[in-house]
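Under the numbering used here, think of the first position of the sequence shown as 22, with each following residue one higher. For each residue, glycine too, the CB sits at the ideal point set by N, CA and C. From a predicted model like this one, the values you see are computed outputs, not experimental measurements. Report on one structure; see the data block that follows.
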Amino acid sequence: RRRGGQTTMALPSYFSLEWRLDVELAKRSLMHTVEPTFVLKLSMLPTQDEAEGSDEKSVESVVLEADAAHMKHLESQLAAAVAELSTVRTSRLLKYVR
Numbered sequence: 022r023r024r025g026g027q028t029t030m031a032l033p034s035y036f037s038l039e040w041r042l043d044v045e046l047a048k049r050s051l052m053h054t055v056e057p058t059f060v061l062k063l064s065m066l067p068t069q070d071e072a073e074g075s076d077e078k079s080v081e082s083v084v085l086e087a088d089a090a091h092m093k094h095l096e097s098q099l100a101a102a103v104a105e106l107s108t109v110r111t112s113r114l115l116k117y118v119r
C-alpha cells in the first residue's frame with residue numbers, strides 16, 4: 022500500500038505473550054517418559070486500518086504448541102534476528118525506511 026509516495030506494510034503489533042509448560046511424565050506403555058510441550062498464547066493488536074473499521078480495539082490471539090526442540094530452534098532464530106539488528110547494514114536500511 023502506498024501513502025504519500027511511501028510503501029507501508031500493515032502488520033499487527035505485539036500485545037502480550039503467555040506461556041505454559043506441559044510435561045507428560047508417563048504413558049501406559051512407557052513408564053519413564055518425559056515429553057515437555059510448550060503452549061504459547063500470542064496476543065496482537067490489530068493494524069491501524071483494521072482498528073479504523075471497528076469502534077473498539079479487539080485483541081487477536083493465536084495459540085501455538087511446540088516441543089522442546091522447536092522452542093530451542095525458535096530461540097536461536099530470534100537471537101539471530103536480534104543480532105542482525107545491530108549490524109551496520111541494518112542500521113543503514115532502517116535509516117532509509119524511517
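TODO: Measure the CB-CB distance between L95 and A104 and report whether it falls below 8 Å.
DONE: Looking up residue 95 in the sequence shown gives position 74. Looking up residue 104 in the sequence shown gives position 83. No, they are not a contact pair.
Task: Runs of beta strand (DSSP E) lying entirely within the segment 26–108, each at least 3 residues, in chain order - done: Secondary structure remark: continuous beta strand (DSSP E) runs of at least 3 residues inside the segment 26–108, in chain order: 34–45, 56–66, 81–88.
Task: Beta-carbon gap between V80 and L66 smaller than 8 Å - done: Your numbering for residue 80 matches position 59 in the sequence shown. Your numbering for residue 66 matches position 45 in the sequence shown. Taking 8 Å as the Cβ cut-off, V80 and L66 qualify as a contacting pair.
Open item on the list: Between which residues of its own chain and A47 is the CB-CB distance below 8 Å, once the five residues before and five after are set aside?
Closed with: The residue given as residue 47 occupies position 26 in the sequence shown. Result list for A47: H53, T54, in chain order.
Open item on the list: Going by DSSP in three states, R113 sits in which element: helix, strand or coil?
Closed with: Position 92 of the sequence shown, counted from the start, is the residue given in the question as residue 113. The answer is helix: DSSP assigns R113 an H, G or I state.
- [ ] Inspect the beta-carbon positions of V84 and K62 and report whether they are closer than 8 Å.
- [x] Within the sequence shown, residue 84 is the residue found at index 63, counting from 1. Within the sequence shown, residue 62 is the residue found at index 41, counting from 1. Against a cut-off of 8 Å, the Cβ pair of K62 and V84 comes out as a contact.
Task: Inter-residue Cα distance where the pair is P57 and A90 - done: Indexing the sequence shown from 1 puts residue 57 at position 36. Indexing the sequence shown from 1 puts residue 90 at position 69. Their Cα atoms are separated by approximately 10 Å.
TODO: Kindly list the residues whose CB is nearer than 7 Å to the CB of L32, restricted to its own chain and excluding five residues on each side of it in sequence; keep chain order.
DONE: The residue labelled residue 32 in the question sits at position 11 within the sequence shown. Counting only Cβ-Cβ distances below 7 Å, and skipping sequence neighbours, we find T68.
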